[in-house]
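**Student:** The numbering of the sequence shown is the numbering used here, which starts it at 43 and goes up by one.
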Amino acid sequence: MKSLLLVYHSQSGASAELARACAAAAGTVTGVQLQVLRAWDAGSRELLAADGLLLVAAENSGALSGTMKDFLDRTFYPVGARGPVLPYALLLSAGNDGRGARRQAETILSGYPMKRALETVICRGEVTASHRQRAAELGEAFATGLDMGIF
Numbered sequence: 043m044k045s046l047l048l049v050y051h052s053q054s055g056a057s058a059e060l061a062r063a064c065a066a067a068a069g070t071v072t073g074v075q076l077q078v079l080r081a082w083d084a085g086s087r088e089l090l091a092a093d094g095l096l097l098v099a100a101e102n103s104g105a106l107s108g109t110m111k112d113f114l115d116r117t118f119y120p121v122g123a124r125g126p127v128l129p130y131a132l133l134l135s136a137g138n139d140g141r142g143a144r145r146q147a148e149t150i151l152s153g154y155p156m157k158r159a160l161e162t163v164i165c166r167g168e169v170t171a172s173h174r175q176r177a178a179e180l181g182e183a184f185a186t187g188l189d190m191g192i193f
């Protein structure tokens with residue numbers, strides 16, 4: 043069985059709502075064990091035990107939220123030194139256009155032993171039914187890809 047770690051940060055509640063939609067859909071894939079943690083609660087141990095990483099974060103002031111950046115900063119050296127190449131996917135809740143947050147996250151993640159498995163999804167503005175659907179599709183697609191050995 044594959045292990046998928048979903049790490050999220052939410053201050054306003056929007057990213058948490060998207061993370062719930064993502065997790066609900068990923069959790070339907072029977073060959074994948076899902077672990078959902080807030081960014082403050084996740085660390086190198088959980089990341090090193092995972093077969094894939096799904097990040098759900100907010101854009102703050104045109105950049106990646108500080109708490110998600112903190113998670114990436116705390117795990118960078120321990121995981122980079124010992125970790126296998128992990129597939130990852132990124133979902134952003136953006137009040138602006140999200141490009142700055144995506145660029146920052148993808149730059150940081152390029153230094154890890156990770157590879158992007160799916161295109162980054164940016165949900166702009168207030169969370170809508172369409173955003174929840176996109177989050178669910180990302181979660182299910184990523185979990186299915188892990189289960190099938192595609193990523």
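The beta-carbon is built from N, C-alpha and C at its ideal position, and this holds for glycine as well.
Which first and last residues belong to the alpha helix (DSSP H) in which Met110 is found?
**Tutor:** If you number the sequence shown from 1, residue 110 lands on position 68. Met110 -> alpha helix (DSSP H) spans 108-124.
**Student:** Taking Arg116 as the reference, which of Gly142, Val78, Leu151 has the closest Cα?
**Tutor:** For the purposes of this step, residue 116 is taken as residue 74 along the sequence shown, with counting starting at 1. Nearest of Gly142, Val78, Leu151 to Arg116, Cα basis: Leu151.
**Student:** With a 10 Å radius around its C-beta and 16 neighbouring C-beta atoms as the bar for buried, classify Tyr50 as buried or exposed.
**Tutor:** Mapped onto the sequence shown, residue 50 falls at position 8. That one is buried.
**Student:** From Arg166 to Arg176, what distance separates their C-alpha atoms?
**Tutor:** As a position in the sequence shown, residue 166 is number 124, starting the count at 1. As a position in the sequence shown, residue 176 is number 134, starting the count at 1. Approximately 12 Å, taken between the alpha carbons.
**Student:** Just tell me which of Thr186, Gly85, Ala65, Ala100 has its CA closest to the CA of Gly55.
**Tutor:** Taking the sequence shown and counting its residues from 1, the one referred to as residue 55 is at position 13. Comparing Cα positions, the closest option is Ala100.
**Student:** What number of angstroms, rounded off, separates the C-alpha of Ala63 from the C-alpha of Leu79?
**Tutor:** By one-based count along the sequence shown, residue 63 stands at place 21. By one-based count along the sequence shown, residue 79 stands at place 37. Roughly 14 Å between the two C-alpha positions.
**Student:** Does the Cβ of Ile164 have 16 or more other Cβ atoms within 10 Å, making it buried, or fewer, making it exposed?
**Tutor:** Counting from 1 along the sequence shown, the entry for residue 164 is found at position 122. With 16 or more Cβ atoms within 10 Å of its Cβ, Ile164 is classed as buried.
**Student:** When the Cα atoms are used, what is the spatial distance from Gly69 to Met43?
**Tutor:** As a first step, residue 69 must be located in the sequence shown, where it is residue number 27. As a first step, residue 43 must be located in the sequence shown, where it is residue number 1. If I take the Cα positions, the gap works out to 13 Å.
**Student:** State the Cα-Cα distance for the pair Ala185 and Ala147, rounded to the nearest angstrom.
**Tutor:** Taking the first residue of the sequence shown as 1, we reach residue 185 at position 143. Taking the first residue of the sequence shown as 1, we reach residue 147 at position 105. Taking the straight line from one Cα to the other gives about 21 Å.
**Student:** For Gly94, which beta-bridge partners are listed by DSSP?
**Tutor:** Numbered from its first residue, the sequence shown carries residue 94 at position 52. Gly94 pairs with Leu46.
**Student:** Along the alpha helix (DSSP H) that carries Gln146, what are the first and last residues, could you check?
**Tutor:** Here the question's residue 146 lines up with position 104 in the sequence shown. Counting along the chain, the alpha helix (DSSP H) containing Gln146 begins and ends at 141-152.
**Student:** Applying the criterion that 16 or more other CB atoms from any shown protein chain within 10 Å of the CB defines a buried residue, is Thr170 buried or exposed?
**Tutor:** Locating residue 170 in the sequence shown gives position 128, where the first residue counts as 1. Exposed.
**Student:** Just to confirm before moving on: does the CB-CB distance between Leu188 and Leu46 stay below 9 Å?
**Tutor:** The count along the sequence shown starts at 1 and reaches residue 188 at position 146. The count along the sequence shown starts at 1 and reaches residue 46 at position 4. A contact, by the Cβ cut-off of 9 Å.
**Student:** Can you give me the start and stop residues for the beta strand (DSSP E) that Gln77 sits inside?
**Tutor:** As a first step, residue 77 must be located in the sequence shown, where it is residue number 35. Looking at the DSSP string, the run of the beta strand (DSSP E) that includes Gln77 is 74-80.
**Student:** If you run the structure through DSSP and keep just helix, strand and coil, what is Leu133?
**Tutor:** In the sequence shown, the residue the question calls residue 133 occupies position 91. Looking at Leu133 - three-state DSSP - the assignment turns out to be strand.
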